[in-house]
Amino acid sequence: MAQPAVEKPSLRAISPNYRTSTDIMSRGGGIVWGGIILFLGIMWFAVTAFRIDIGPIGNLVLPFLMIVAGLYLLVTKLVR
């Protein structure tokens with residue numbers, strides 16, 4: 081006799097805090113980590129850009145890329 085198919089429980093049933101999951105591949109986790117990356121990138125960029133001695137322009141590239149990565153992660157997870 082064939083056994084009935086067992087449905088896999090959804091993430092909502094397993095974890096009530098699925099919206100704040102730390103798994104970056106999930107929608108909720110991607111939004112959380114995207115926001116964190118964006119915030120840290122903005123802070124890093126602001127600290128680097130507004131120093132009196134800015135130094136080489138290359139110092140602004142990594143914080144800018146971090147901002148872009150945070151925005152990309154947020155947008156892709158929010159649109160999905």
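Letter 38 of the sequence shown, counting from 1, is numbered 118 in the working numbering, and no numbers are missing.
Yeah, the Cβ is synthetic: ideal placement off N, Cα and C, and Gly gets one too.
The structure displayed is predicted, hence computed values, not measured ones.
Cβ-Cβ distance between residue i and residue j below 8 Å
| i | j | result |
| --- | --- | --- |
| I122 | L154 | no |
| M146 | W113 | no |
| L140 | L118 | no |
Simplified DSSP state of residue i, which is helix, strand or coil
| i | result |
| --- | --- |
| F144 | helix |
| F125 | helix |
| A130 | Rather than Ala, the amino acid found at residue 130 in this sequence is Phe. Reduced to three states, the DSSP call for F130 is coil. |
Supposed close pair residue i, residue j - CB separation, criterion 8 Å
| i | j | result |
| --- | --- | --- |
| T156 | P143 | The pair is not a contact, with the Cβ atoms about 21 Å apart (cut-off 8 Å). |
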